[in-house]
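Below is one structure, written out as structure tokens; comments come after it.
Protein chains: 2
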Amino acid sequence: MRTLAQNARLALLLEVAGTPKPGNVDRRRDLEELRFDHFLAGTVGTERGLELAQEGEPVGRAFERAVEGMAAQGGGNTQFGALLLVVPLVRAAAGSEPLSPGAAEDVVADTSVADAAGFYRAFDHVDVFVDEPSADLEPLDVRRGSDAVPALEERELTLLDVMERSVPGDDVAREWTTGFERSFTAADRLAEADGPATDRAAAVFLSLLAERPDTLVASRRSESVARAVSDRAAALDERDALETDPDAVEEFADDLVERGINPGTTADLTAAGLFIALENGRVTV
Amino acid sequence: MRTLAQNARLALLLEVAGTPKPGNVDRRRDLEELRFDHFLAGTVGTERGLELAQEGEPVGRAFERAVEGMAAQGGGNTQFGALLLVVPLVRAAAGSEPLSPGAAEDVVADTSVADAAGFYRAFDHVDVFVDEPSADLEPLDVRRGSDAVPALEERELTLLDVMERSVPGDDVAREWTTGFERSFTAADRLAEADGPATDRAAAVFLSLLAERPDTLVASRRSESVARAVSDRAAALDERDALETDPDAVEEFADDLVERGINPGTTADLTAAGLFIALENGRVTV
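Line by line, the protein sequences are chains E and F.
For the first sequence, position 283 (counting from the first letter as 1) is numbered 335 according to my numbering, and the numbering increases by one without interruption.
For the second sequence, position 91 (counting from the first letter as 1) is numbered 143 according to my numbering, and the numbering increases by one without interruption.
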């Protein structure tokens, strides 16, 4: 029997191993400065933080610790977004079996200003790509890291409040406001898919990308690039290309890597789905 | 800073990710019934056992626990041999910095009959391929698992005694009798090689295979098959084929997978070398 924290680690590993996952590091592809081995080391580094979540420690503290450990490798940010989903889900699973959207909602509703401070402190450990904030939110720019904590405390913002302010525009934050809707959808699809868990991860990644433009791509590039990527994923998903024309998906994957287009939010959702599916016994390895 | 046990996990992950590793599961290849995802889950399962070794618990107990956790996936034996090297090395590293052959020798010299019993009990958790024992050693056939423990106690065999009786014929056991000679050689070569840790792992795997016939191949198939595989590896290694003619190594890898020839002992030594190199700061990720 794997522990909650172990299932979380396995979810991170299965996510990065799933191939093809267009635009992302996968079992067959590295990005220019972000490699598969960085994700392996990043996963090992998350251990203590995930265990804190399992032990019922506050989400912000567990998240910060997980990110700190994740960052102890040379590739930079590997799983920040995935951890922002998986840490509250581990916390929820510690008190609810099976893991349910309601349990996840309770955990995020319970977050405090101290949790928000932990989230901000996590940015001290690693560079994460984020949008420019609007002028009135500049004091709360996450890139200020722990320097933003006083502003956070003054405005009495909980971590859920912070996440609510990032929607729309960040589909990881959006999960916090929707009972982790797409994470649970991903878990359902993973359960229904065929083959090894890594093949299922690739199929579900494509279906998620087909459905909604990736918000990391939208932030880094543009809304229209993100939409075009999604449309192409949708066309492939519709004709079940992973089964019927795998070369077309491989080509899509190579093309995105070449153009430096990285749908990382969709990968984060896939990791969250894998954790839920493993935890609820709906995917086995 | 990763803990000893975390470096051990990372070594197992980097080993399986290294590609091409002819005849073994690697980042690009699965075997028929043994897949990459089984190795990922196997690694996650080793956590508690490796932590016991780090905490200074007896080698036999830590090994049995690591194997029990490793076996909690559907692929069967993934890292039994690697753990038989890495567990005593973690134990040695807990008391010696840098990790040295002498420290490893002290750990194995200190093993007891109880450690041997732990080793035998590990066979209760997973099917491991081993040679038929000679008639006088039948009561000590490891496939008897815990049923062999009384015979072990009667003959007062320590785990080092058991390992000594497996040499020649098992190059994992041989490491126990040579101060982990080839494991430390692998670590030196990993340090001298170029590129990401996974590329180094592939290069060092090939050099080890070039040097000595793999004892798992010799047991499962024959001495002559093992020798032929080694000769082919030597020819590739000599002309630095991973650099100069990578397709030839890929072809070798595909050919071995197709013929079901699995130089697993050489992969175990590579994992041990990775642990030593990570622990002594000679390879970074």
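All residues carry an ideal CB built from backbone N, CA and C; glycine is no exception.
Residue i to residue j, Cα distance in whole Å?
i	j	result
E:V335	F:G127	15 Å
E:P72	E:D240	20 Å
F:V111	F:V159	8 Å
E:D338	E:A174	A query on residue 338 of chain E cannot be resolved here, the shown segment of chain E reaching from 53 to 337 and no further.
E:L321	F:N332	36 Å
F:V96	E:R81	23 Å
F:D306	E:E263	37 Å
F:P140	E:L92	23 Å
E:L66	E:F327	10 Å
E:P259	E:P298	Note that residue 259 of chain E is Ser in the sequence shown here, rather than Pro. Cα-Cα distance, rounded: 14 Å.
F:D78	F:V119	20 Å
E:Q155	E:A145	The sequence given here places Ala at residue 155 of chain E; Gln does not occur at that position. In a straight line, the C-alpha of E:A155 is about 7 Å away from that of E:A145.
E:P202	E:D188	15 Å
F:A255	E:G247	31 Å
F:D162	F:L211	9 Å
F:L268	E:D89	27 Å
E:E205	E:P220	23 Å
F:E157	F:F232	8 Å
E:V180	F:E310	43 Å
E:R272	E:N314	9 Å
E:A293	E:E107	42 Å
E:P45	E:T230	The structure shown does not extend to residue 45 of chain E, since chain E is modelled only from 53 to 337, so the question has no answer here.
E:L192	E:A200	6 Å
E:E295	E:A245	12 Å
F:S274	F:P185	16 Å
F:L64	F:L135	9 Å
E:V337	F:A105	26 Å
E:P150	F:A270	48 Å
E:E190	F:R113	55 Å
E:A168	E:T237	27 Å
E:A249	F:E85	14 Å
F:G98	F:L83	At residue 98 of chain F the sequence reads Thr, which differs from the Gly that was named. Those two C-alpha atoms are separated by around 21 Å.
F:A285	E:R195	50 Å
E:V68	F:D213	42 Å
At least one CB of chain F closer than 8 Å to the CB of residue i: is that the case?
i	result
E:V159	no
E:T296	no
E:V31	Coverage of chain E is limited to positions 53 through 337, which leaves residue 31 of chain E absent and any answer about it impossible.
E:R54	yes
E:V142	no
Please check the pair residue i and residue j, which I expect to be a contact at CB under 8 Å, by giving their CB distance rounded to whole angstroms.
i	j	result
E:F115	E:G197	Not really, about 14 Å apart at Cβ, beyond 8 Å.
E:E227	E:S218	Actually they do not touch by this definition, with Cβ atoms about 11 Å apart.
E:V224	E:T318	About 10 Å; that fails the 8 Å criterion.
F:A57	F:V165	Contact doesn't hold; Cβ gap of about 26 Å is too wide.
F:D289	F:A278	In fact, because the Cβ distance is near 16 Å, the residues do not count as touching under 8 Å.
F:G70	F:F257	6 Å
F:L308	F:V281	7 Å
E:R100	E:G121	6 Å
F:L137	F:A324	4 Å
F:G94	F:Q131	5 Å
F:A253	F:H177	That pair is no contact at about 26 Å.
Does residue i come within less than 8 Å of chain E when only Cβ atoms are used?
i	result
F:E99	yes
F:R272	no
F:V301	no
F:V337	yes
>> Under 7 Å, CB to CB, which of the residues in the segment 61 to 93 of chain E have a partner in chain F?
In response: R61, L62, L65, L66, A69, R79, R80, R87, F88, D89, H90, L92 and A93
>> Please identify, using Cβ separations under 8 Å, the residues of the segment 231 to 260 of chain F that lie next to chain E, in order along the chain.
In response: P248, A249 and T250
>> Under 7 Å, CB to CB, which of the residues in the segment 200 to 220 of chain E have a partner in chain F?
In response: none
>> Give me the subset of the segment 102 to 131 of chain E whose CB atoms are less than 7 Å from a CB atom of chain F, sorted by chain position.
In response: A124, Q125 and G126
>> Please identify, using Cβ separations under 9 Å, the residues of the segment 310 to 332 of chain F that lie next to chain E, in order along the chain.
In response: none
> What alpha helix (DSSP H) runs, 4 residues minimum, are completely inside the segment 196 to 246 of chain F?
Replying inline: 201 to 206, 211 to 217, 223 to 229 and 233 to 244
> Can you give, in chain order, each stretch of the alpha helix (DSSP H) that sits fully within the segment 116 to 192 of chain F and has at least 4 residues?
Replying inline: 132 to 145, 153 to 161 and 165 to 174
>> I'd like the ranges of any alpha helix (DSSP H) spanning at least 4 consecutive residues and lying wholly in the segment 59 to 117 of chain F.
In response: 88 to 97 and 99 to 106
> What runs of the alpha helix (DSSP H), each 4 residues or longer, lie entirely inside the segment 245 to 271 of chain F?
Replying inline: 249 to 263
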